[in-house]
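Numbering (this note's numbering), first residue to last: 673 to 964.
Working notes, beginning with the structure itself.
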């Protein structure tokens with residue numbers, strides 16, 4: 673078994689080539705990383721716990737990729753560009769090759785978004801990864817949850833329930849399923865956030881389920897919504913609207929800014945109630961993933 677410091681060295685090089693372009697003066701190796709930027713910085717943190725956020729038999733490559741990806745989704749929801757991340761790992765595993773594979777998965781997403789790993793921690797304990805991500809605005813505007821306006825269209829960009837289908841297929845050993853990637857390697861919608869930031873009024877990522885996160889956004893905006901369930905693209909059944917882990921963006925835009933490449937699922941209303949309508953007879957309550 674390698675020492676803690678030898679294992680940390682496996683990760684230290686990840687994304688080092690992106691320091692200068694992302695304003696990083698000092699990366700891993702000191703007590704803190706140092707940024708030199710003349711712009712606001714957004715930051716978020718996400719925990720990934722074994723058998724809660726990922727299966728215990730997932731590959732270390734997928735575990736590493738996923739832990740960073742889900743945190744980057746919050747950067748996308750703010751309409752911002754990721755610039756760096758830190759990663760804290762607690763693990764009972766003593767096999768050095770497992771850590772090298774974990775680092776490979778982390779490096780995959782670091783290269784995908786050209787972001788460096790600038791710090792973290794490694795300790796013995798139950799398998800748990802915590803990713804802290806940092807970003808900067810693409811423009812002068814940063815998207816928030818609390819700016820939805822009455823009459824705005826409520827939109828998403830992809831089908832709900834793909835990640836849930838991927839997890840179900842994983843559990844049922846359907847290793848050739850096209851949906852496995854949706855669950856094991858969710859792709860943060862950074863480009864979508866960049867494309868909508870200048871005209872969207874509010875935005876949230878759908879990590880806990882479309883309807884639950886939509887409810888959070890409307891509540892923050894002190895608004896309600898009229899939602900047409902028939903217009904929501906689903907993967908398996910209508911319960912997909914309450915499935916977590918899709919990591920799409922749900923956003924509101926003025927009617928005159930609507931683009932047919934988005935799925936319009938409803939409108940923002942003045943009252944605080946969320947009304948669900950359907951001509952197909954769908955009958956579903958708003959639920960979502962609860963951590964406790």
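Each residue gets a CB set at the ideal place from its N, CA and C atoms; glycine is no exception.
A quick note: this is a predicted structure, and the numbers were derived from the prediction, not measured.
For residue i, collect the residues of the same chain with a Cβ closer than 7 Å to its Cβ; drop the 5 residues on either side in sequence, then sort them by chain order.
i, result
"residue 732", "770, 773, 774, 777"
"residue 698", "705, 706"
"residue 716", "743, 746, 747, 805"
"residue 688", "699, 788"
"residue 690", "786, 787, 788"
"residue 730", "856"
"residue 831", "905, 906, 907"
"residue 767", "none"
"residue 816", "874"
"residue 965", "The structure shown does not extend to residue 965, since the chain spans only 673 to 964, so no value can be given for it."
"residue 951", "902"
Evaluate residue i with the Cβ neighbour count: other Cβ atoms within 10 Å of its Cβ, from every protein chain shown; 16 or more gives buried, anything less gives exposed.
i, result
"residue 862", "buried"
"residue 709", "exposed"
"residue 818", "exposed"
"residue 701", "exposed"
"residue 957", "exposed"
"residue 677", "exposed"
"residue 742", "buried"
"residue 944", "exposed"
"residue 754", "buried"
"residue 779", "buried"
"residue 966", "Residue 966 falls outside the range modelled here, since the chain spans only 673 to 964, and no answer is possible."
"residue 812", "exposed"
"residue 833", "buried"
"residue 949", "exposed"
"residue 947", "exposed"
"residue 781", "buried"
"residue 909", "exposed"
"residue 953", "exposed"
"residue 703", "exposed"
"residue 899", "buried"
"residue 843", "exposed"
I'd like to confirm something about residue i: is its beta-carbon nearer than 7 Å to some heavy atom of the ligand SAH, or not?
i, result
"residue 733", "What this structure holds is no ligand at all, so the ligand SAH is not there to describe."
Just to confirm my understanding: we take residue i, look at its own chain, exclude 5 residues before and 5 after, and list those with CB closer than 8 Å. What are they?
i, result
"residue 877", "745, 746, 748, 749, 861, 885, 919, 920, 921, 922"
"residue 942", "822, 895, 896"
"residue 926", "821, 823, 824, 825, 871, 873"
"residue 693", "786"
"residue 959", "881, 883, 884, 914"
What is the C-beta distance between residue i and residue j, in whole angstroms, given that I count them as a contact (C-beta under 8 Å)?
i, j, result
"residue 764", "residue 797", "7 Å"
"residue 680", "residue 794", "5 Å"
"residue 803", "residue 740", "5 Å"
"residue 752", "residue 814", "6 Å"
"residue 913", "residue 882", "5 Å"
"residue 935", "residue 829", "7 Å"
"residue 857", "residue 734", "6 Å"
"residue 762", "residue 799", "7 Å"
"residue 810", "residue 866", "5 Å"
"residue 879", "residue 917", "7 Å"
"residue 712", "residue 808", "7 Å"
Can you list, in chain order, the residues of its chain with a C-beta nearer than 6 Å to that of residue i? Leave out the 5 residues immediately preceding and following it.
i, result
"residue 964", "Unreliable placement is indicated for residue 964, whose pLDDT of 49 sits below 50; the coordinate value is still reported in the next sentence. Here the set comprises nothing."
"residue 836", "915"
"residue 924", "820, 824, 826, 873, 874, 940"
"residue 707", "695"
"residue 684", "700"
"residue 801", "720, 739, 761"
"residue 785", "754"
"residue 893", "818, 820, 874"
"residue 859", "none"
"residue 845", "none"
"residue 1013", "Here the chain comprises residues numbered 673 to 964, so residue 1013 is not present and cannot be evaluated."
"residue 839", "855"
Practice task
Evaluate the contact criterion for the stretch 786–794 versus the stretch 849–860: three or more CB pairs, one atom per stretch, below 8 Å.
Solution key: Counting C-beta pairs with one atom in each stretch, the stretch 786–794 and the stretch 849–860 have fewer than three that are closer than 8 Å, which means they do not touch.
Exercise for the section: Evaluate contact between the stretch 863–878 and the stretch 896–914, counting only Cβ atoms and requiring at least three cross-stretch pairs below 8 Å. Expected result: no
Practice task
Entirely within the stretch 705–787 and at least 4 residues each: give me those alpha helix (DSSP H) ranges in chain order.
Solution key: Listed in chain order, they are 732–749, 768–785.
Practice task
Jot down the residue ranges of each uninterrupted alpha helix (DSSP H) in the stretch 807–848, minimum 4 residues, whole runs only, in chain order.
Solution key: 834–843
Problem - Validate contact between the stretch 720–731 and the stretch 813–830 using beta carbons, cut 8 Å, 3 pairs - result: no
Exercise for the section: Can you check the stretch 854–924 for any alpha helix (DSSP H) of at least 4 residues that lies completely inside it and give the ranges in chain order? Expected result: 862–868, 882–892
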